[in-house]
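For the sequence shown, position 32 matches number 37 in this note's numbering, and the numbering has no gaps at all. Working notes for the structure below.
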Amino acid sequence: MISQTGSRTGLRGRILLTVGLTTILIMMLMSWGILYRWRQGQIQREEGTALAVSHAFSVAVIDALVYAGQGFEQPEGVLDHYVELFMVQNQRLRAITILDPEGEVVAQSWGHLPGLWVAGDLPAIMTVPGPRVVIDQNPEGSWVLETIMPMHSGNHRWGVLVLSFEADSIRSRLAQGFFLLLIFSAAVTSILLLLLWMLLSRILNSLHTLVTAMDQVDFETGYVPPLPSRGDEIGLLNLGFQQMGKRLQQSRQDVLRAEKQVWHAERLASIGRLASGLAHEINNPINGVRNCIYAIKADPENREQTNEYLEMMDEGLSHASGVIEKLLGFARKQQSGLAPVLLNDAVESVIRLVNFKLGRKNITLKTELDPDLPTVMADRQLIQEVIMNLLINAVDAVPDGGFIRIRTQANDDEILLLVHDQGHGIARHIQDQIFDPFFTTKDTGEGTGLGLSISLGIVQAHGGILHVESTPEDGTTFTMQLPMESAIETEEKE
Ligand code: ADP
């Protein structure tokens, strides 16, 4: 089962985070650019208006000063009157100061202290070369836009006119613009992320459906679940998956067909081997018997010879019936009886039967039988037959005076029997053939090639394993592993 939930949210989260951060960054840069240009425009507009107002007033002031300078009579406090009138006409004006060329106040709006100009102190104001605008905060915390207008007519310098406008309204307009832009950026970013989230959910849901479908593919039956067809890339992916499923089904059928062919070929090969082995094993004694019969027919009166041939015929027929009996055992047709078996006892009984053979070849047999070995449910006769086959093969493999060791031991949930001999070993290329029926390297009459295949059948019927390890240097070790709860499969149970 493929785990999907974590990776789905992970992928969505990662994409949303990356796109979200990038969008926020782009929106911030754009907003900053727009805000900066807009702010500059606003300030320039305000400064322009203030300068225009300042210039208009300075014309009237210069006129009055020129008149006064030329000795024309003027009403008392004409400049103060101008200042008052102008203050009333311009709501945003907070203060007006008219300075003569020496910096003396000629006229001033009521209540304004010269030291509170935001454009600088008196010397700085008196020395400005041309009209100047300054926006700054006064000591009371209010924002002020100040124009400093030097007054000239021809080469004569009449002094400086300072107008102070309130600029709090400009500041609050700029702040308003900033917040509007901020809200706009946040709204655009949120809408973008929402749309992206919806799109990602659609894509990831389709992928999830695809992954679920992959999980549901049944390799046994070749079932591939259907997927909805779509006109986009996901649709192509679905289509690709369906086609892959079909190809999978096709190749599975090919594999099954090939498996059947191999199995059939193997069956034919083993039947062939069985038939030729049988023919050889049974034909020999039959030919022998036939020869005996010819000989007896040729000289029926010769009782002594007849008895001898009858003896030989009996021997030949016994051999043939022995082969058939073993074959029956191989096919597991014999009756079996399950009972608790102590493997050590079975080993000792077999050794007693084989002792004579061991003595003839002067073989040293060492036994390492685990005294705490638990009993195993098995057919004692059959298990003894296995031990017998393994031991006889070991005896055949070792030279005169050779060495054989039989060991029993218990593991967690199985009982082991190891038969080791220091004989000539089994050539690597025949190691996977030795369990085949009728496979033998022994001379005719010495081996039937049935011992190991019968033993393997018996061990497997007990739910166990029989395997071999063999090298020319270390000899051969056959290991029989029987499960503690050994269960024999009889013909009836199958
Ligand atoms: P058989 O003993 O009648 O030949 P088996 O099925 O018992 O039949 O053995 C098959 C072959 O396996 C033997 O002919 C022999 O070549 C090989 N083999 C079995 N056991 C041993 C062993 N302990 N050492 C060397 N070769 C062995």
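Idealized CB from N, CA, C, for every residue including glycine. Since the structure is predicted, the reported quantities are computational estimates derived from the model, not experimental observations.
With hydrogens ignored, establish whether the beta-carbon of T369 is closer than 7 Å to any heavy atom of the ligand ADP.
Residue mapping note: residue 369 aligns to position 364 of the sequence shown, counting from 1. No.
Please report the distance separating the alpha-carbon of L358 from that of Y299.
Here residue 358 refers to the residue found at position 353 of the sequence shown. Here residue 299 refers to the residue found at position 294 of the sequence shown. About 38 Å.
One question on the structure: do W163 and I67 come within less than 8 Å of each other, judged by their Cβ atoms?
Locating residue 163 in the sequence shown gives position 158, where the first residue counts as 1. Locating residue 67 in the sequence shown gives position 62, where the first residue counts as 1. The answer is yes: Cβ separation under 8 Å.
Considering only C-alpha positions, which residue in the set T445, D417, N367 and F224 is nearest to N398?
Numbered from 1 along the sequence shown, position 393 holds the residue referred to as residue 398. Taking only the C-alpha atoms, the option nearest N398 is T445.
Using the three-state DSSP reduction, which class does T132 fall into: helix, strand or coil?
Counting from one through the sequence shown, the residue named residue 132 turns up at place 127. In the structure shown, T132 sits in coil (DSSP, three-state: anything other than H, G, I, E or B).
7 Å Cβ shell around E474 - same chain, five flanking residues per side excluded:
The residue labelled residue 474 in the question sits at position 469 within the sequence shown. Contacts found: T482.
Tell me the residue span of the alpha helix (DSSP H) that contains D426.
Here residue 426 corresponds to residue number 421 of the sequence shown, with the count starting at 1. Counting along the chain, D426 falls outside any alpha helix (DSSP H), though it belongs to the beta strand (DSSP E) covering E419 to D426.
Taking its Cβ as the centre, do 16 or more other Cβ atoms sit within 10 Å of H161, making it buried, or is it exposed?
If you number the sequence shown from 1, residue 161 lands on position 156. With fewer than 16 Cβ atoms within 10 Å of its Cβ, H161 is classed as exposed.
Between T214, E151 and Q45, which has its C-alpha nearest L166's C-alpha?
Reading the sequence shown from its first residue, position 161 is the one you call residue 166. Minimum Cα distance to L166 is reached at E151.
Taking 7 Å as the cut-off, is the C-beta of T214 nearer than that to any heavy atom in the ligand ADP?
Walking along the sequence shown from the start, residue 214 turns up at place 209. False, no ligand heavy atom lies under 7 Å from that Cβ.
Name the DSSP bridge partner or partners of M154?
For this step, residue 154 is matched to residue 149 along the sequence shown. Answer is L166, bridged to M154.
Please return the same chain residues whose Cβ sits closer than 7 Å to the Cβ of L363, not counting the five positions on each side in sequence.
The residue labelled residue 363 in the question sits at position 358 within the sequence shown. Answer for L363: L370 and V400, listed in chain order.
For the ligand ADP, is there any heavy atom lying closer than 7 Å to the beta carbon of F246?
Here the question's residue 246 lines up with position 241 in the sequence shown. The answer is no for F246.
Using CA atoms only, rank isn't needed, just tell me which of S354, I392 and G15 is closest to I463.
The residue you call residue 463 lines up with position 458 of the sequence shown. It is I392 whose Cα lies nearest to the Cα of I463.
Just the C-alpha distance for I31 and E238, rounded to the nearest angstrom, thanks.
As a working note, residue 31 is residue 26 in the sequence shown. As a working note, residue 238 is residue 233 in the sequence shown. The straight-line gap from Cα to Cα measures roughly 29 Å.
Measuring from the CB of L199, is there a heavy atom of the ligand COA at a distance below 7 Å?
In terms of ligand content, the structure shown lacks the ligand COA and carries the ligand ADP instead.
For G53 and A73, what's the separation of their Cα atoms in angstroms?
Counting from 1 along the sequence shown, the entry for residue 53 is found at position 48. Counting from 1 along the sequence shown, the entry for residue 73 is found at position 68. Approximately 30 Å between the Cα atoms of the pair.
DSSP state of A124 mapped onto helix, strand, coil:
By 1-based counting over the sequence shown, the position of residue 124 is 119. It is coil, neither helix nor strand.
Smallest Cα separation from A57: which of L22, L168, V123 and G125?
Here residue 57 corresponds to residue number 52 of the sequence shown, with the count starting at 1. When only C-alpha atoms are compared, the closest one is L168.
Is I301 near the ligand ADP, judged by its Cβ being under 7 Å from some heavy atom?
Position 296 of the sequence shown, counted from the start, is the residue given in the question as residue 301. The answer is no for I301.
Cβ shell of Q247 (< 7 Å), same chain only, five flanking positions each side left out
Indexing the sequence shown from 1 puts residue 247 at position 242. Here the set comprises V229 and L232.
Identify the continuous beta strand (DSSP E) that holds E373 and give its terminal residues.
Within the sequence shown, numbered from 1, the residue matching residue 373 stands at position 368. Its beta strand (DSSP E) spans residues T369 to L374.
How is I411 classed by DSSP in three states: helix, strand or coil?
Reading the sequence shown from its first residue, position 406 is the one you call residue 411. I411 falls in the strand class under three-state DSSP.
Between K447 and the ligand ADP, is there a pair consisting of the residue's CB and a ligand heavy atom that are separated by less than 7 Å?
Against the sequence shown, residue 447 aligns to sequence position 442. Indeed, a heavy atom of the ligand ADP lies less than 7 Å from the Cβ.
By the 10 Å Cβ neighbour count, where 16 or more other Cβ atoms means buried, how is M35 classified, buried or exposed?
Within the sequence shown, the letter at position 30 stands for residue 35. M35 comes out exposed.
Buried or exposed for D441, going by 16 or more other Cβ atoms inside 10 Å?
The residue you call residue 441 lines up with position 436 of the sequence shown. Its Cβ being crowded by 16 or more others within 10 Å, D441 is buried.
To the nearest whole angstrom, what separates the beta carbons of G108 and L127, a pair I think is in contact under 8 Å?
One-based indexing of the sequence shown puts residue 108 at position 103. One-based indexing of the sequence shown puts residue 127 at position 122. About 5 Å separates the two Cβ atoms, so the contact holds.
Do the stretch 58-65 and the stretch 186-201 touch if we need at least three Cβ pairs shorter than 8 Å?
no
Between the C-alpha atoms of D304 and F443, what's the straight-line distance to the nearest angstrom?
Residue numbering aside, residue 304 sits at position 299 when the sequence shown is read from its first letter. Residue numbering aside, residue 443 sits at position 438 when the sequence shown is read from its first letter. Roughly 38 Å separates the two Cα atoms.
Closest to D350 by CA distance: which of A402, T372, I175 and D259 is it?
Residue numbering aside, residue 350 sits at position 345 when the sequence shown is read from its first letter. That would be T372, whose Cα lies nearest to the Cα of D350.
With DSSP run on the structure shown, which of helix, strand or coil describes H472?
As a first step, residue 472 must be located in the sequence shown, where it is residue number 467. Three-state result, H472: strand.
For a test of the three-state rule: what should DSSP assign to H434, helix, strand or coil?
The residue you call residue 434 lines up with position 429 of the sequence shown. Here H434 sits in helix by DSSP.
Can you list, in chain order, the residues of its chain whose CB lies under 6 Å from that of G227, leaving out five sequence neighbours each side?
Residue numbering aside, residue 227 sits at position 222 when the sequence shown is read from its first letter. Excluding positions up to five away in sequence, the list reads Q254 and R257.
Closer than 7 Å: is that where the CB of L471 sits relative to any heavy atom of the ligand ADP?
Numbered from its first residue, the sequence shown carries residue 471 at position 466. No.
Report the residue from E309, Y314, A284 and I287 whose alpha carbon sits nearest the alpha carbon of N296.
Taking the first residue of the sequence shown as 1, we reach residue 296 at position 291. Out of E309, Y314, A284 and I287, Y314 has the C-alpha closest to the C-alpha of N296.
Assigned secondary structure, A351 (DSSP; H/G/I helix, E/B strand, else coil):
Counted from its first residue, the sequence shown places residue 351 at position 346. In the structure shown, A351 sits in a helix (DSSP, three-state: H, G or I).
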